[in-house]
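Numbering (the numbering used here), first residue to last: 1 to 337. Don't be surprised by glycine CBs; every beta carbon is placed ideally from N, CA and C. Computed from a prediction, not measured in an experiment: that's the story for all the values here.
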Ligand code: KG4
Ligand code: ZN
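Structure (structure tokens):
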């Protein structure tokens, strides 16, 4: 039996989870809502709030699982990428626990964690799989050949999809993070109210920064005619920008499946919580005869369940990290990136 504690603190969620033989027994997330008033994540504030919450979150995960510290067999943590000060809180806590308890330390890459979130479902996806990881910081197409290995075959050249949602939402007056609010307001809107140019990128890469500029110029011009334009058409505007982003993402995902001859596709990361993305993905998968996978809502945005499961895979392979090592810098590190 292997019982792994996972710790995630790369951005603004302080999270801990327990994985018992590949199954999640506890999953605790403390979301830092205070960033909303600043319009984005303030790194120093994020680190301080991780520092406040990390002990309680780990204790709660153990309590939810009905386990004691002595029951643990390994400590997994997010080693990067992420905000350095935020990562330091989780990594220091994990290293302290591993050293203090004499347990193996398991260093997990955050993006690998999002891919692994697709394996939390039953039945898990068959491999190879084309994964689209779409979060606030990243947008990547990954050819997944193994639980812990993938090849990046496409990426954004500028903004991440979640970042695009958040920036467009900000132009509409929504608080951070605006992605979920665009999703909510789009439910009563017309996705074809306004067609925005989809960025034409070669191959499997994405670009979203032009959409923000096009949208800004569009609403500025409309508001000169009608100052109430945004308020009057909020659901239609939300549905139109959501449709643009979702179509751009899915077009490339299905092109990638075809190009690499892959019959399984998955979408992970915070944006995979988007209801239009989920619905259209399901529809296009059935049309294309592709097996589609998307995590349950609790595993879309940042969480430690995905880190604990990735840690379990590392544990099974004996790929341990050294608490005295810095996984970002050392070539000797066993971190999986
Ligand atoms: O994976 P995640 O929690 O953190 C990062 O690793 O970045 O992703 C957060 C991102 C934010 O940009 C947020 O606006 C977006 O995911 N997001 C959504 C939805 N839920 C979260 N975007 C669109 N629709 C949603 N329902
Ligand atoms: Zn993430």
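Just checking residue i against ligand 1 - is the residue's beta carbon closer than 6 angstroms to any of the ligand's heavy atoms?
i: residue 179; result: yes
i: residue 274; result: yes
i: residue 29; result: no
i: residue 208; result: no
i: residue 406; result: Here the chain has residues from 1 to 337 only, and residue 406 is not among them.
i: residue 205; result: no
i: residue 137; result: yes
i: residue 271; result: yes
i: residue 165; result: yes
i: residue 162; result: yes
i: residue 183; result: yes
Using only alpha-carbon positions, find the residue among the options that is nearest to residue i.
i: residue 188; options: 111, 86, 235, 322; result: 235
i: residue 115; options: 319, 304, 325; result: 304
i: residue 130; options: 97, 260, 72, 92; result: 260
i: residue 320; options: 105, 89, 21; result: 105
i: residue 141; options: 262, 12, 229, 181; result: 262
i: residue 160; options: 35, 147, 146, 271; result: 271
i: residue 76; options: 229, 56, 8, 175; result: 8
i: residue 35; options: 62, 178, 268; result: 178
i: residue 19; options: 61, 241, 145; result: 61
i: residue 28; options: 232, 202, 48, 53; result: 53
i: residue 93; options: 5, 239, 156; result: 5
Give a yes or no on whether the C-beta atoms belonging to residue i and residue j are separated by under 7 angstroms.
i: residue 86; j: residue 31; result: no
i: residue 17; j: residue 323; result: no
i: residue 293; j: residue 128; result: no
i: residue 164; j: residue 208; result: yes
i: residue 120; j: residue 171; result: no
i: residue 78; j: residue 110; result: yes
i: residue 245; j: residue 265; result: no
i: residue 72; j: residue 3; result: yes
i: residue 10; j: residue 82; result: yes
i: residue 276; j: residue 242; result: yes
For this session: Pick out the complete alpha helix (DSSP H) segments inside the stretch 201 to 242, 4 residues or longer, and give them in chain order.
Result: Counting whole runs of 4 or more residues, the stretch 201 to 242 contains the alpha helix (DSSP H) stretches 209 to 225, 229 to 232.
For this session: Quick one: residues with CB closer than 5 angstroms to any heavy atom of ligand 2, in chain order, please.
Result: Residues flagged by the Cβ proximity filter: 135, 302.
For this session: Taking only runs that begin and end inside the stretch 266 to 307, name each unbroken beta strand (DSSP E) of 3 or more residues, in chain order.
Result: Considered as a whole, the stretch 266 to 307 harbours 291 to 293 as its complete beta strand (DSSP E) runs of no fewer than 3 residues, in chain order.
For this session: Taking only runs that begin and end inside the stretch 36 to 84, name each unbroken alpha helix (DSSP H) of 4 or more residues, in chain order.
Result: As far as the stretch 36 to 84 is concerned, its whole alpha helix (DSSP H) runs of at least 4 residues are 43 to 65.
For this session: For the stretch 95 to 159, list the alpha helix (DSSP H) runs that are entirely contained and at least 4 residues long, ordered along the chain.
Result: Taken in chain order, the whole alpha helix (DSSP H) runs of length 4 or more contained in the stretch 95 to 159 are 110 to 116.
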